[in-house]
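Here the protein sequences come in this chain order: A and B.
Take the first sequence: its position 415, counted from the start at 1, is 415 in the working numbering, and no numbers get skipped.
Take the second sequence: its position 489, counted from the start at 1, is 1489 in the working numbering, and no numbers get skipped.
C-beta: ideal position from N, C-alpha, C; glycine also.
Computed from a prediction, not measured in an experiment: that's the story for all the values here.
Working notes for the structure below.
Protein chains: 2
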Amino acid sequence: MALISIIEDFHPMNNAKLLDIAEQLTPTLHHEIHEPVGGFTLKERYSSEAEEIVLHKVHHIAMGKGENLCLDFGNHMVGYLTLDFSYTGSHPDAPAYLKLKFAETYEEVCENSDVYNGWVSRSWIQEEYVHVDVLPARIRIPRRHAFRYLKITTMDTSVKYKLVVRHAECLTETSADYRRLAAADIADPFLKRMDEISIRTLANCMQEVFEDGPKRDRRLWMGDLRLEALANYCTFRNYNLVRRCLYLFGGTRFPDGRVSANVFIKPKAEADDTWLYDYSLMFVVALEEYMQQTDDVDTLNDLYDIAMQQIEMSLRLIDREGRMSEEDAANVFLDWSEGMDKRSGGVAVLIYAMRYARRLARRKNDWSQAQWLMEKLDWLKACARKNYYDEERKCFVSGGQASLITQVWNVLADVLYPEEAKDLMERSEEFMDCFPMKTPYMHHYYIAALLRAGLREKALLHMRDYWGSMMEAGADTFWEAWDPANPKGSPYGEGGVVINSYCHAWSCTPTYFIRSWFMREKHTDDHL
Amino acid sequence: MALISIIEDFHPMNNAKLLDIAEQLTPTLHHEIHEPVGGFTLKERYSSEAEEIVLHKVHHIAMGKGENLCLDFGNHMVGYLTLDFSYTGSHPDAPAYLKLKFAETYEEVCENSDVYNGWVSRSWIQEEYVHVDVLPARIRIPRRHAFRYLKITTMDTSVKYKLVVRHAECLTETSADYRRLAAADIADPFLKRMDEISIRTLANCMQEVFEDGPKRDRRLWMGDLRLEALANYCTFRNYNLVRRCLYLFGGTRFPDGRVSANVFIKPKAEADDTWLYDYSLMFVVALEEYMQQTDDVDTLNDLYDIAMQQIEMSLRLIDREGRMSEEDAANVFLDWSEGMDKRSGGVAVLIYAMRYARRLARRKNDWSQAQWLMEKLDWLKACARKNYYDEERKCFVSGGQASLITQVWNVLADVLYPEEAKDLMERSEEFMDCFPMKTPYMHHYYIAALLRAGLREKALLHMRDYWGSMMEAGADTFWEAWDPANPKGSPYGEGGVVINSYCHAWSCTPTYFIRSWFMREKHTDDHL
């Protein structure tokens, strides 16, 4: 996720003990070497028309000034590129000057990044210019890149020689250990493929932390972490990596104790000066889910107070009638929906998080806190119904808007009786045009709400439909943002195709739904 | 020098013994650290209008997207840049993306290199794009650059932070040892400064070999070597570096034994498939001059036959009347003069080289060879006079052209009686419009001819005038090509200012003339 918040003179509150533990939990990274499986040449520099090159010829093509060679590594890679160059003709009398473009998708490889004029830094565009002074040469690109395609353009050689790419390889990097990957016997081939793509999405985001996207922002965001952890529990089961990330969020926070929306890892752990109301509440949810998996009492003891603090600080934003102000709702994310009223959704997320907080309190034998939370929870649910539920239209309305997103969160918050929730979600299409969902992050919660309302078939259908449309559009890993009706769209403005992330953590949850819900008659957890 | 020659399936003849000795003579490199002495900002990206920044503020400027900071290192540097970056504002949430432009001159720093469209590879343009992923950071640029100015443009940061260049330094590199620099008591401050600039030019070209230019081509060319060696003998006196270069030329040659115009050093020594008639003859001249300095009999024994072979092979291109064909004259360089007839000049260079060859033969006690050379020399001189000297106009005419360049080489070859030569050189201005001299390389030989004709004052005047005009135009080191009447010119075509080399070996000889000729009443050597 890219989101801009700036606080002057922001100094996060750091807890050395928690950060030390996080540091000790730094994962081992696993590596593999992959070579291209094919190649092609773009007919014009930025055309999408290409001429295919059979694999055994790829490493024999002699490239002169302005020519390009595109390598296809066959799947989404995260890692370090090494290229071996040689030449044909006379001894090189000038350096080779190359432009390397790393692209996660075919679309991206064909795009002219010069036209990008969006609000996210163009420094994320995966392009490098390289001078090769001596040939033959082995060039290892020191930066990590996320890509399937590599476009090599010779900006110049000299008339005396042409360049040959003799060998290319990517040393992949991930903290996901495929040897630990839980087996799953998925009969439906389409779902099997969707599961594989989800897992690859997750694995390629699993680095020293759960990154949001290995191309961009390469950073630990709370909302993404919660979904990655869910997918991780039924696949790679790297519990220590979840624990490490929770300690990082606990270890560096806003000066008043709030959990930041994201944490920088380098040069040292530091909370970003960005706070999102719902993201900080996801800390509570993620901690409780981690406890369900591990029963790790040390972690509970270390992070319990921080989790409770998030609930208490959010409750302070709720007035006596159980309402949230418009100003405070500006810090609610939910989805990339400009102009959407997020007051009811914000209250619902808090109710949802309090359910998890109450479980944590019970697990901690903190009975008075559990009692207090139950009371608050019941009160806030009642307020939510009273304030935002239109008993005639039988839907939630916030600021005059009956958006699907508001319905989803109120269903997840159990504000309605089960039959009402089921009825509401059966009619979910009615609300889809009011601020359509923009991201797989929100689509995840939509599916969760359908499941919570007992609409298993509808949930499966939507998952097949939405993530399936990405597969049909050629996804090797699932994308940050995707609207099948507007495939060239970007949340980041003009020319944003080159800045979009095409392997994004918050899109990896089909594997969770498939493995925890759709492969079994009854669901096996309560992570909705 | 940049010059294009291509021979299909060229396989140089290598001599392992000679190349081993060259390898053993690899020089120690000396290093110094230099920091900027000032800074400025270009008002527009490619304007020459700049706003000066006082030195103590340079490292506090916060740079946002599209802004530039130029550092002035105060003199011409050859070496490795290190930059320390920090930031102001929030924690960086995106990499910093920078363009670094290294420029030898102020003109070059202001130029837009995109407009370059010349025939020399644009890979020589000293620009690098750098992503800085983590801040603060120390970035060491792994390539060696030649520069006085460094322009840092922030292509992008992000709205959350601005970039600060906290520190910059250049680790210079040269095989010239300033502790060995011969003292010279030069009274005239202008000549003293010219001497210093010459020496810096030489030192910055002295690397693992005598390079032609540390920016471009960074390569060992024979014509440049001869002049560098001359300047070196009266300054740094690094005899081993000259020896090494002679062994390199001897160690890897054309299959028929010809000395190549230049030799590549990396990845291993290899003759270029470029042969220049006069450059191969300069091997003989440079070897004899090296022997004058060192009396190094081993080197004479190792390279004597190769030197003689160059003379013999060139003589084969001369017909019975002592003429050279137009086709063969195409391999004569002399100067960058398109369309000039080089037949007479070519013959004259051979006569000149035979004078040195004869001295080598005597030194080797090879009396029959010395005798043979004397006979050939006398014959060829007589032919040159007969074929090319117009007794009425009292000048040399080649293909109908009476160019200055042709006069110069015939004077250096002693084709005329001393009084005739003196008279001819006194009238040298008459010939200047016929293919004007383009390079300091040719201006060197013009001065040498004036001195050989006994016109010491005129020689001094021209040196002061020509190299002095570079000094007035701001030279920190002397330039590859310079025509005071056309200061923006380039031998390399459109936009060539960014590709010109502004520290070029063949321009370094004023120190030789000053120290060996103009500081003394009588000259002390015979290197004309």
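Along the chain, where does the beta strand (DSSP E) that runs through Asp1009 (chain B) open and close? It is not in any beta strand (DSSP E) - Asp1009 (chain B) carries neither H nor E in the DSSP assignment.
What are the start and end residues of the beta strand (DSSP E) that includes Glu32 (chain A)? First-last of the beta strand (DSSP E) with Glu32 (chain A): 30-34.
Presumed contact (8 Å Cβ cut-off) between Ile139 (chain A) and Val132 (chain A), rounded CB distance: Yes, Ile139 (chain A) and Val132 (chain A) are in contact; Cβ-Cβ is about 6 Å, under 8 Å.
Alpha carbon to alpha carbon, how far is Glu426 (chain A) from Glu419 (chain A)? Give it in angstroms, no decimals. Taking the straight line from one Cα to the other gives about 10 Å.
Ser398 (chain A) and Asp341 (chain A): beta carbons closer than 7 Å? Yes, the pair counts as a contact, with Cβ atoms nearer than the cut-off.
Do Gln310 (chain A) and Tyr233 (chain A) have their C-beta atoms closer together than 7 Å? Judged by their CB atoms, Gln310 (chain A) and Tyr233 (chain A) are not nearer to each other than the 7 Å cut-off.
Please decide whether Pro267 (chain A) counts as near chain B, where near means a Cβ-Cβ distance under 7 Å. Closer than 7 Å: yes.
7 Å Cβ shell around Asp156 (chain A) - same chain, five flanking residues per side excluded: The residues are Lys65, Tyr97.
Taking the alpha-carbon positions, what's the Lys1192 (chain B) to Ala1103 (chain B) distance? Computed Cα separation, rounded: 25 Å.
For the stretch 23-87 of chain A, list the alpha helix (DSSP H) runs that are entirely contained and at least 4 residues long, ordered along the chain. If we require 4 residues or more, the alpha helix (DSSP H) runs fully inside the stretch 23-87 of chain A come out as 55-58.
From A:Asp278, A:Ala286, A:Leu528, pick the residue whose C-alpha is nearest to that of Leu315 (chain A); which is it? Of all alpha-carbon atoms in A:Asp278, A:Ala286, A:Leu528, the one lying nearest the alpha-carbon of Leu315 (chain A) is that of A:Asp278.
Between Val209 (chain A) and chain B, is there a C-beta pair that is closer than 7 Å? The beta carbon of Val209 (chain A) sits no closer than 7 Å to any beta carbon of chain B.
Give me the chain B residues within the contact set of Val159 (chain A), using Cβ-Cβ distance strictly less than 9 Å, ordered along the chain. Within chain B, the residues near Val159 (chain A) are Ile1004, Ile1006, Trp1119, Ser1121.
At 3 residues or longer, and completely inside the stretch 138-225 of chain A: list those beta strand (DSSP E) runs for me, N to C. If we require 3 residues or more, the beta strand (DSSP E) runs fully inside the stretch 138-225 of chain A come out as 145-156, 161-174.
Among B:Ser1090, B:Ser1158, B:Cys1205, nearest to His1145 (chain B) - alpha-carbon criterion: Answer by Cα proximity: B:Cys1205.
Please report the Cβ distance between Val1130 (chain B) and His1060 (chain B), rounded to the nearest whole angstrom; I am assuming they are in contact, meaning their Cβ atoms lie under 8 Å. Their Cβ separation, rounded to whole angstroms, is 21 Å, which puts Val1130 (chain B) and His1060 (chain B) out of contact at 8 Å.
Just to confirm my understanding: we take Ile1306 (chain B), look at its own chain, exclude 5 residues before and 5 after, and list those with CB closer than 6 Å. What are they? A distance below 6 Å between beta-carbons, with the five flanking residues on each side excluded, links Ile1306 (chain B) to the following residues of its chain, in chain order: Gly1250.
If I measure Cβ to Cβ from Tyr87 (chain A) and keep anything under 7 Å in the same chain, skipping five residues before and after, which residues do I get? Excluding the 5 residues flanking it on each side, Tyr87 (chain A) has same chain C-beta neighbours closer than 7 Å at Leu135, Tyr161, Lys162, Leu163, Val164, in chain order.
Interface residues of chain D facing Glu1270 (chain B) [CB-CB closer than 8 Å]: Here the protein chains are A and B, and chain D is not one of them.
Check Thr1294 (chain B) in the structure and name its three-state DSSP category. Thr1294 (chain B) falls in the helix class under three-state DSSP.
Straight-line gap, Asp1295 (chain B) to Glu1430 (chain B) (C-alpha atoms, nearest Å): Near 42 Å, if we compare the C-alpha coordinates of Glu1430 (chain B) and Asp1295 (chain B).
For Pro95 (chain A), decide whether its Cβ has a neighbour in chain B, counting only Cβ atoms nearer than 7 Å. Yes, its Cβ sits closer than 7 Å to a Cβ of chain B.
Have a look at Lys1376 (chain B) and Ser90 (chain A) and give me their C-alpha separation to the nearest angstrom. Distance between the alpha carbons of Lys1376 (chain B) and Ser90 (chain A) is about 36 Å.
Please state if the CB of Asn331 (chain A) and the CB of Leu276 (chain A) are separated by a distance shorter than 7 Å. Cβ atoms of Leu276 (chain A) and Asn331 (chain A): closer than 7 Å.
For Glu228 (chain A), collect the residues of the same chain with a Cβ closer than 7 Å to its Cβ; drop the 5 residues on either side in sequence, then sort them by chain order. Hits under 7 Å: Leu202, Cys205, Phe210, Ala505, Cys508.
Can you check whether the C-beta of Phe1249 (chain B) is within less than 7 Å of a C-beta belonging to chain A? False, the Cβ-Cβ gap to chain A never drops below 7 Å.
So who's on the other strand from Gln401 (chain A), going by DSSP bridges? The partner list for Gln401 (chain A) (beta bridge, DSSP) reads A:Ser398.
Which term fits Met1432 (chain B), buried or exposed, when burial requires 16 or more other beta carbons within 10 angstroms of its beta carbon? With fewer than 16 other beta carbons inside 10 angstroms of its own, Met1432 (chain B) counts as exposed.
Please confirm if Asp156 (chain A) has its CB atom under 7 Å from at least one CB of chain B. Closer than 7 Å: yes.
Under 9 Å by beta carbon: chain B residues contacting Trp506 (chain A): Ordered by position in chain B, no residue passes the 9 Å Cβ test against Trp506 (chain A), which lies about 17 Å from the chain.
To the nearest angstrom, how far is it from the Cα of Arg1323 (chain B) to the Cα of Val1347 (chain B)? In this structure, the CA atom of Arg1323 (chain B) is about 7 Å from the CA atom of Val1347 (chain B).
Taking any Cβ of chain A, which residues in the stretch 1229-1255 of chain B have a Cβ under 7 Å from it, in chain order? Cβ contacts with chain A come from no residue of the stretch 1229-1255 of chain B.
Does Trp336 (chain A) come within less than 7 Å of chain B when only Cβ atoms are used? For Trp336 (chain A), the answer is no, since every Cβ of chain B falls outside 7 Å of its Cβ.
By DSSP, does Val411 (chain A) sit in helix, in strand, or in coil? Correct three-state label for Val411 (chain A): helix.
Can you pull the chain B neighbours of Phe10 (chain A), defined as C-beta to C-beta under 7 Å? Taking a Cβ-Cβ threshold of 7 Å, the residues of chain B close to Phe10 (chain A) are Ser1090, in chain order.
Is it buried or exposed for Ala473 (chain A), if we count other Cβ within 10 angstroms and need 16 for buried? Looking at its Cβ environment, which holds fewer than 16 other Cβ atoms inside 10 Å, Ala473 (chain A) is exposed.
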